[in-house]
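Each protein sequence line maps, in turn, to chains H and V.
Take the first sequence: its position 94, counting from 1, is numbered 94 in UniProt numbering, and each next residue is one higher.
Take the second sequence: its position 267, counting from 1, is numbered 267 in UniProt numbering, and each next residue is one higher.
In this text, a Cβ means the ideal position worked out from N, Cα and C, and glycines have one as well.
Input: a single structure, listed below in structure tokens.
There are 2 protein chains.
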Amino acid sequence: MNIAQLFEQIQQKKSFLCIGLDPVMDKLPKHLLKYEDPVFEFNKQIIDATHDLCVAYKPNTAFYESRGVKGWNTLVKTWQHFPEHIFTIADAKRGDIGNTSAMYAEAFFNCESSDMSFDSITVAPYMGKDSVSPFLNHPDKWVILLALTSNQGSEDFQVKQLEDKKLYEQVILSSQQWADVNQLMYVVGATKADEFKHIRSLAPDHFLLVPGVGAQGGSLSAVCEYGLNKHCGLLVNSARNIIYASNGEDFAEKAHAAALELQQEMEQILKAANLI
Amino acid sequence: MNIAQLFEQIQQKKSFLCIGLDPVMDKLPKHLLKYEDPVFEFNKQIIDATHDLCVAYKPNTAFYESRGVKGWNTLVKTWQHFPEHIFTIADAKRGDIGNTSAMYAEAFFNCESSDMSFDSITVAPYMGKDSVSPFLNHPDKWVILLALTSNQGSEDFQVKQLEDKKLYEQVILSSQQWADVNQLMYVVGATKADEFKHIRSLAPDHFLLVPGVGAQGGSLSAVCEYGLNKHCGLLVNSARNIIYASNGEDFAEKAHAAALELQQEMEQILKAANLI
């Protein structure tokens, strides 16, 4: 999926919502425990109830790996259940020396090797260009590079001055030499809304994956004020507020309602910006 | 395992060798392909042939994930096959917001959850303290933080000036506030031998995990010249030179010979430094 196709999906669905599939066993509705793979059943019902309202799904690999082999199996089944035309993000925050990143690319992009082929993967930039390039060698696949993250720890290094730039600014500027806007996005936390104007001056045309709306305290309207661009340019992630909207038998219905609320807000924002 | 126990192992084995278990299907000896899980059989025979010569094993998770569920299963079996008293490193280069890093810690430290419990995990520092702390909350478990890596891309950000320090220097200095020498090591590439004197001035007492000897071009003696400290303080990793010493039926024997050569060199170095 290239940037034009992604924008087309956003226009069709009147939504730039990404749903984070980060299921924790303890938080699952009790009635799902009778299934052989309760986590998959949970994901499946969430996907079935929300896929008309979002343009992307983002399972965070940690929540699957934590359950070992059976968790990894759930991740594969979840990937297989994604509908066509949905942009899929392996939120894996990988990154290693070249030959090792190439193996991570096999894990998340090569279905023949791993039974999964996501459209994109989140990558940590600390190890530099040759840790990112092996992912970009896969045509039509995207790297979503950590830039300015939503957590407290983003203050520790990311916003410190690196030569004449902040580290995260340098990450955004350097990485634009590594790939074009059809293969590269940035993670920018919704809790950093003040920085969006500045980030748009550094990366006017890139899509930004924005976690942190909802549970982490970020505001959708604040993000959109400066974050929107001519292709929308935002994928706003919400996880806990949607997937845990209820822990009863109506969890999927309530997830739909929570996603619908965000979609409707996004539709208004897209209309006001003349993007639909 | 704390720092004193790790040093005890080094003294007993007269070795500070870490063996990287990064198996690639295409490079396995052909006669192993008849086994149900050729990669596990390969690892098993390598471990059986070398465990008296090394103090640590370091499977890089990318090489397992690339094969999907069956690769993850191989990783679990490999972990189960590690002998007691061997320091085990999940070379996973993870790091995410707090609640997510906590799930990664479950994946690699909590046997009840994931069927694996490594002694340590490599972590990328980009997301700062709260991305690292959840791993440190597990008593007796170590974080091995990426500091100055062995690859070309280490030039892109790690050695740039961050305020009055280089980024990697700031990572080393800040992180010393997060845990003591019994839970924190740093990755410093063997290709950066010139920097070891300086790194020892920043972190005199920490263990350093040193990849890049051999295939990547780093030199053991150059690393040791300034890298050794009073507890040895080095785990030097070798992967390809050992595990692919032969691709014939004698691969385990040749792996033993390659490991023995490094162990003997290390024994001389430890003796010369009066550490054994």
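{"Asked": "Can you give the Cα-Cα distance for ILE19/H and HIS256/V, rounded to whole angstroms?", "Found": "49 Å"}
{"Asked": "Helix, strand or coil for LYS58/V, going by three-state DSSP, please let me know.", "Found": "strand"}
{"Asked": "Between the Cα of TYR186/H and the Cα atoms of LEU53/H, PHE109/H and PRO211/H, which residue gives the shortest distance?", "Found": "PRO211/H"}
{"Asked": "Just list the beta strand (DSSP E) runs in the stretch 218-265 of chain V, keeping only unbroken ones of 3 residues or longer that don't cross its boundaries, in chain order.", "Found": "234-238"}
{"Asked": "Using a Cβ-Cβ cut-off of 8 Å, state whether ILE144/H counts as contacting chain V.", "Found": "no"}
{"Asked": "Determine which residues of the stretch 174-194 of chain V have a Cβ less than 7 Å from any Cβ of chain H, and write them out in chain order.", "Found": "SER174"}
{"Asked": "So, for ALA107/V: in the same chain, excluding its five sequence neighbours on each side, which residues have a beta-carbon less than 6 Å away from its beta-carbon?", "Found": "SER114"}
{"Asked": "Would you mind giving the Cβ-Cβ distance between SER101/V and PRO134/V, rounded to the nearest angstrom? I have them listed as a contact below 8 Å.", "Found": "4 Å"}
{"Asked": "Express the C-alpha separation of GLN170/V and ILE242/H in angstroms, rounding to a whole number.", "Found": "38 Å"}
{"Asked": "Can you name the residues of chain V whose CB is closer than 8 Å to the CB of GLN170/H?", "Found": "PHE157 and LYS160"}
{"Asked": "If I measure Cβ to Cβ from CYS224/H and keep anything under 6 Å in the same chain, skipping five residues before and after, which residues do I get?", "Found": "ILE269"}
{"Asked": "Assuming GLU155/V and GLY98/H are in contact, meaning their beta carbons sit under 8 Å apart, how far apart are those beta carbons, in whole angstroms?", "Found": "Not quite, the Cβ-Cβ distance comes to about 14 Å (not below 8 Å), so this is no contact."}
{"Asked": "Ignoring anything shorter than 4 residues or poking outside the stretch 62-127 of chain V, list the alpha helix (DSSP H) runs there in chain order.", "Found": "62-65, 68-81, 98-109 and 111-114"}
{"Asked": "The alpha helix (DSSP H) with TYR168/H in it runs from where to where?", "Found": "167-175"}
{"Asked": "How should GLU112/V be labelled, buried or exposed, when 16 other C-beta atoms within 10 angstroms of its C-beta is the threshold for buried?", "Found": "exposed"}
{"Asked": "Does DSSP put ALA147/H in a helix, in a strand, or in coil?", "Found": "strand"}
{"Asked": "Measuring straight from C-alpha to C-alpha, what distance separates VAL24/V and PHE251/H?", "Found": "43 Å"}
{"Asked": "For the alpha helix (DSSP H) containing LEU208/H, name the first residue and the last one.", "Found": "That residue, LEU208/H, is in no alpha helix (DSSP H); its beta strand (DSSP E) goes 208-210."}
{"Asked": "Can you give the beta carbon distance from LYS93/H to ARG94/V, rounded, assuming they're within the 8 Å contact cut?", "Found": "7 Å"}
{"Asked": "Taking DSSP as the reference, what is the three-state secondary structure of LEU6/V?", "Found": "helix"}
{"Asked": "Grab me the residues of residue 289/H's own chain with a C-beta within less than 7 Å of its C-beta, minus the 5 sequence neighbours each way, in chain order.", "Found": "Absent from the structure is residue 289/H, since the part of chain H shown begins at 1 and ends at 276."}
{"Asked": "If you count every other CB in all the chains shown that lies within 10 Å of the CB of HIS51/V, and 16 or more means buried, which is it?", "Found": "buried"}
{"Asked": "Listing by chain order, which chain V residues have their CB less than 8 Å from the CB of SER154/H?", "Found": "MET127 and GLY128"}
{"Asked": "For a test of the three-state rule: what should DSSP assign to GLY214/H, helix, strand or coil?", "Found": "coil"}
{"Asked": "Could you tell me which chain H residues have their CB closer than 8 Å to the CB of TYR104/V, listed as they occur along the chain?", "Found": "ALA62, GLU65 and SER66"}
{"Asked": "Could you check whether the stretch 33-41 of chain V touches the stretch 72-82 of chain V, counting it as contact only if at least three pairs of C-beta atoms, one from each stretch, sit closer than 8 Å?", "Found": "yes"}
{"Asked": "Taking only beta-carbon positions, decide if ASP52/H is within less than 8 Å of chain V.", "Found": "no"}
{"Asked": "Examine the Cβ distances between the stretch 77-86 of chain V and the stretch 132-150 of chain V and report whether three or more of them are shorter than 8 Å.", "Found": "no"}
{"Asked": "Using a Cβ-Cβ cut-off of less than 7 Å, give me the residues of the stretch 68-82 of chain H that come near chain V, in sequence order.", "Found": "GLY68, VAL69, TRP72, ASN73 and VAL76"}
{"Asked": "In terms of DSSP beta bridges, what is TRP142/V paired with?", "Found": "SER120/V"}
{"Asked": "Taking 8 Å as the CB-CB limit, is MET1/V close to chain H?", "Found": "no"}
{"Asked": "Which first and last residues belong to the alpha helix (DSSP H) in which LYS21/H is found?", "Found": "Reading the sequence as shown, one finds Leu at residue 21/H and not Lys. It is not in any alpha helix (DSSP H) - LEU21/H instead sits in the beta strand (DSSP E) that spans 17-21."}
{"Asked": "Determine, for GLY218/V, whether the minimum Cβ-Cβ distance to residues of chain H falls below 8 Å.", "Found": "no"}
{"Asked": "So which residues of chain H does ILE199/V contact, with C-beta pairs closer than 8 Å?", "Found": "The premise fails here: ILE199/V is roughly 16 Å from chain H at the closest Cβ pair, so nothing lies under 8 Å."}
{"Asked": "Please list, in chain order, all residues of the same chain as ASN182/H whose beta carbon is under 7 Å from its beta carbon, the five residues on each side excluded.", "Found": "ASN2 and ILE3"}
{"Asked": "From VAL55/V to ILE47/H, what distance separates their C-alpha atoms?", "Found": "46 Å"}
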